[in-house]
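Working notes for the structure below.
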Amino acid sequence: MPSEGELAAWLRLTLSPGVGGETQRALLSAFGLPQHIFAAGASALARAIPARQVERLLDFDATAAIDAALSWQETPGNHILTLADASYPRRLLDTPDPPTVLYAKGRIELLGRPALSIVGSRNATPQGEANAESFAAALAETGLTIISGLALGIDAAAHRGGLRGKGSTIAVIGTGIDRVYPARNQALARAIAETGVMVSEFPIGTPALKENFPRRNRIISGLGLGCLVVEAAERSGSLITARLAGEQGRDVFAIPGSIHSPLSKGCHRLIKQGAKLVDDVRDILAELGIDTEAAPASVRNSADSPADVAVAGLLDCMGYDPCDLDTLSLRSGLTAERLYAILLQMELDGRIASLPGGRFQRIGTT
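The sequence shown begins at 27 in the numbering used here and counts up by one.
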C-alpha cells in the first residue's frame, strides 16, 4: 500500500494532460516510481520523452484533482490501484496498454479471479437480453466473474445475471468512478458496488465523453479469459471489444442468430473470422477447460432454456399452416415485439421457417 505522498505522485503522473499511457510507461521504465520521475528534473526527463510533454508534466497543477481522488478513497470500499500494487489485476499487466491507475469501488478481489466478458448491443432484443442474463447467471454460478460495461441492453443484462451467481460481476465504466452513465442504471450500479466491483481508469468527476467508451473496452476484454458477444450489429462497438480480446490472446465466443436480424450480423461476422459459435453455456466452459460435470446442475441443464414454455405455447398457436405476425399476436395475446424475439429464437433452433410476406411456418411435428 503506497503512502499518501507516493499515491499522489502516481495520480499526478496520470492527471497531466497530453501525457498518455505510453509516455507514462516510458517514464516509469526510465526512472522507476513516479516520485523519482518528478525528482529527476526537466533535462533528465527530456532524454526520455519529448520536451513538450515534459512541460505539460511539470507545469500542470493537479492539486485539486489529487485531493479529490484522495478524499474519495477515504470512503470504505473505495480503492485506487497502481501498476505497483499487489491488488492490481495480473491479467491487465499482460495487455499492451494497462491503465497506470485504476479507481475501484467494491470487492477488488474479484479483479483477480477467473472471469469472462459479455458484451453486445445497447438496443438489444428481449431475447438477446434474456440470453445474456441466463448465460451470465449460469457462468457466474460456476464461479466465473462476469465483466461488462454497464451500458443499456446486453451489458446491463449480463451484470444482472452475474449478480445472481457466486462469481458476481465487474462493471468497467467510461466515466469517473463517482458517476453513473447511463442514469437509468443507477440502481444496478449500486448493486454492483455492494456485491461486485465498479472500475474506471478515468479521474474523479470525468463526465460521459464519447471518446472514452471505446478506450475502456480494452479493460473489459483484458480482465477476462474470453469474451462472449451476444448480439451486435455490423458496426457495433462490441466488435471492437471482441477484436481487442483476440489481440490480447483471449478466446472470442459469439451466439448466432437469425440471418434476417441486423443484430446478428456482427456475431455472424465474428464466427466467420474464427470466433467460437456457442448456443450453450457448456460450450464456453469446455473451451476454458472448466469441468462441466463438476458444475452446478443448473449449468449442466442450461440447454433447457427458460423460454421453452413460451415457445411451446406459440407453436400451438401457430398450428401447421403458414401464419402471419398479426394472427399470431391475436392468438397468443403477445405484443409484436415479444413475438418477434421468440420467433427469432425459434428460427435459430430450427423449429420454424420464415416465408415470403412476413409469414412463419413450423418445421416438423414437434
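Note that beta-carbon positions come from the ideal geometry of N, C-alpha and C, so glycine has one too.
Exercise for review: Can you tell me which of the three DSSP states His286 falls into?
Suggested key: coil
**Study point:** Where the beta strand (DSSP E) through Ala280 begins and ends
**Key:** 277-280
Check your understanding: Which runs of the alpha helix (DSSP H), 4 residues or longer, sit entirely within the region 170-236?
Key -> 180-190, 212-221
Check your understanding: From what residue to what residue does the beta strand (DSSP E) around Arg388 run?
Key -> 385-388
Exercise for review: Quick one: residues in its chain with C-beta nearer than 7 Å to the C-beta of His294, no 5 flanking neighbours on either side, listed in chain order?
Suggested key: Pro282
Check your understanding: Between the beta-carbon of Leu289 and the beta-carbon of Ile297, is there less than 7 Å?
Key -> no
Practice item. Inspect the CB distances between the region 192-202 and the region 222-235 and report whether three or more fall short of 8 Å. Key: yes
Practice item. Take Ala88 and list the residues in its own chain whose beta-carbon comes closer than 8 Å to its own, dropping the five residues that flank it on each side. Key: Leu37, Arg38, Leu41, Ser42
Exercise for review: Going by CA-CA distance only, name the one from Glu260, Glu48, Leu178, Leu119 that's closest to Ala215.
Suggested key: Leu178
Practice item. Taking Arg210 as the reference, give the member of Thr221, Glu159, Leu176 with the closest Cα. Key: Leu176
**Study point:** Exposure label - Met27; buried when at least 16 CB within 10 Å
**Key:** exposed
Practice item. Return the first residue and the last residue of the alpha helix (DSSP H) that Thr89 is part of. Key: 89-99
Review point. Of all the options Pro60, Leu142, Ala94, Ala66, which has the alpha carbon lying nearest to the alpha carbon of Leu109?
Key: Pro60
Exercise for review: Go ahead and pull the three-state DSSP assignment for Ile144.
Suggested key: strand
Review point. If you pair each beta-carbon of the region 261-276 with each one of the region 233-247, do three or more pairs fall below 8 Å?
Key: yes
Review point. Should Ser328 be labelled buried (16 or more other beta-carbon atoms within 10 Å of its own) or exposed?
Key: Only weak support is given to the placement of Ser328: the predicted model assigns it a pLDDT of 48, under 50, and the value that follows is read from those uncertain coordinates. With 16 or more Cβ atoms within 10 Å of its Cβ, Ser328 is classed as buried.
Practice item. Can you give me the start and stop residues for the alpha helix (DSSP H) that Gly248 sits inside? Key: 238-248
**Study point:** Asp330 to Glu373 span [Cα, whole Å]
**Key:** Any answer about Asp330 is weak, because its pLDDT of 43 lies below 50 and its placement is not dependable; what the coordinates show is given next. So the alpha carbons of these two residues sit roughly 17 Å apart.
Check your understanding: What's the gap between the Cα of Ile173 and the Cα of Ser69?
Key -> 43 Å
Point to revise | Nearest-angstrom Cα separation, counted from Gln153 out to Ala182 | key: 14 Å
Check your understanding: Nearest to Ser160 by CA position, among Ile378, Val307, Pro115, Thr361, is which residue?
Key -> Val307
Practice item. Would you kindly work out how many angstroms separate the C-alpha atoms of Thr221 and Arg51, rounded to a whole number? Key: 33 Å
Check your understanding: Does the beta-carbon distance from Ser247 to Ser143 come in below 7 Å?
Key -> yes
Exercise for review: For the region 125-138 and the region 272-281, state whether three or more C-beta atom pairs, one from each stretch, are separated by less than 8 Å.
Suggested key: no
**Study point:** Cβ separation of Ala158 and Lys192, assumed to be a contact under 8 Å, to the nearest whole Å
**Key:** Going by Cβ atoms, the distance from Ala158 to Lys192 rounds to 18 Å, so no, they are not a contact pair.
Practice item. Give the straight-line distance between the Cα atoms of Glu30 and Ser284, rounded to the nearest whole angstrom. Key: 55 Å
Practice item. Please determine, among Ala66, Phe239, Leu119, Thr361, the residue with the shortest C-alpha to C-alpha distance to Val206. Key: Phe239
**Study point:** Arg117 vs Leu249 beta-carbon contact at 7 Å
**Key:** yes
Practice item. Would you identify the three-state DSSP class for Thr40, choosing helix, strand or coil? Key: helix
Check your understanding: Of the residues Leu33, Glu32, Leu137, which one's Cα is nearest the Cα of Leu119?
Key -> Leu137
**Study point:** Extent of the continuous beta strand (DSSP E) run through Ser380
**Key:** 378-381
**Study point:** For Asp309, the three-state DSSP class (helix, strand or coil)
**Key:** helix
Practice item. Could you name the residues that DSSP lists as bridge partners for His105? Key: Ala130
Check your understanding: Excluding five sequence neighbours on each side, which residues of the same chain lie with their C-beta closer than 7 Å to the C-beta of Arg385?
Key -> Pro348, Cys349, Asp350
Check your understanding: Taking the alpha-carbon positions, what's the Ala95 to Thr101 distance?
Key -> 11 Å
Check your understanding: Cα separation between Leu365 and Leu340?
Key -> 9 Å
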